[in-house]
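A.B. asks: Quick note: the sequence shown uses the working numbering, first residue 129, plus one each step. Virtual Cβ for every residue (Gly too), placed ideally from N, Cα, C. On a predicted model such as this, the values are computed, not experimentally measured, just so you know.
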Amino acid sequence: MFVRRLYSNVNVVPSYWRLARSFSSRHALFEKPLPPRVVIVESDITEAFLKGSGPGGQKINKTSSAVQLKHLPTGIVVKCQETRSRAQNRKLARRILGDRLEEMEKGPQSRTALKAERDRKKKASASKKSKRKYRELETGKTGEQELDTAAKEHGSTDDLIEGEGPAPADETKATGVN
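1. What residues are listed by DSSP as bridge partners for Val-205?
2. Please identify the residue among Cys-208, Lys-187 and Asp-227 whose C-alpha is closest to the C-alpha of Pro-163.
3. From what residue to what residue does the alpha helix (DSSP H) around Glu-210 run?
4. Output needed for Arg-212: all residues of its chain with C-beta closer than 7 Å, excluding positions within five of it in sequence on either side, in chain order.
5. When the Cα atoms are used, what is the spatial distance from Leu-265 to Gln-237?
6. Determine the direct distance from the alpha carbon of Lys-256 to that of Leu-220, and round the result to whole angstroms.
7. Are the beta-carbon atoms of Val-206 and Leu-225 separated by less than 7 Å?
8. For Leu-288, which three-state DSSP category applies?
9. Apart from the five residues on each side of it in sequence, which residues of its chain come closer than 8 Å, Cβ to Cβ, to Glu-233?
10. Between the Cα of Glu-210 and those of Gln-196, Thr-202 and Ile-204, spot the shortest distance and give me the residue it belongs to.
11. Tell me the rounded alpha-carbon separation between Leu-200 and Glu-231.
12. Give me the Cα-Cα distance between Arg-214 and Asp-172, rounded to the nearest whole angstrom.
13. Quick check on this structure: which residue in Ala-252, Lys-251, Ala-241 and Ala-176 has the alpha carbon closest to the alpha carbon of Glu-218?
14. Could you tell me which residues DSSP puts in a beta bridge with Ala-176?
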C-alpha cells in the first residue's frame, strides 16, 4: 500500500484511491445493535478466590487466582480460571455470570442468542455462496455459454474447439487470391 508520511501521525493517501472499492464490511450498516449488558447488583453476589488447578505450572496451584461467583437470588455459580491474573478472572467471571443471567431472563432475545443467530446466518450465507460457485464450475456454466453463442455464429462447436472456424464465402474475393 502506497502511503506517504508527512508528519509523525499524518498519512497522505493518493487521491485516485478514493475512487477504488472500499473493502470494509458492508453489512455493518444494516446490523441491529445488540441489547445492553445486564447490570449485576453487587449485593446479590458472593465472591470467593480459589486455588487453581490444571496446566500453568506450580504458580497456578499455589496462588488463589481462580474466581468463583455465586448469584444468590438464582443460585448460578460461575468459576473462572482463564488467566493467571485475579483481576482479569474477576472481570471474565462477571461477564459470564451476566450472560447466563441474561439467557435466563430473555431467552432467545439475549445477547448470546442474537450473536449465535448472526454467526449461523453468516455461515449459511458463505456455504450457499461456496456451493453456488462449485455448482457453476461443475456445469461449466460460463464456458458452455460462450461456446454455444460462438457455435451459433460460426456453425459447429467441433470447428471452434479445434481452432478452425468455417471460412467465410467472400474470403477469396476480399484478398484477391484465386
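C.D. replies: The structure says:
1. Lys-198
2. Asp-227
3. Run containing Glu-210: none; DSSP gives neither H nor E here.
4. Gly-184, Lys-187, Ile-188 and Ser-193
5. 40 Å
6. 36 Å
7. yes
8. At Leu-288 the pLDDT is 48, less than 50, meaning the model places this residue with poor confidence and gives no usable figure here.
9. Val-166
10. Gln-196
11. 17 Å
12. 20 Å
13. Just to set this straight, residue 218 is Arg in the shown sequence, not Glu. Selected option, being the one with the closest Cα: Ala-176.
14. Gln-196
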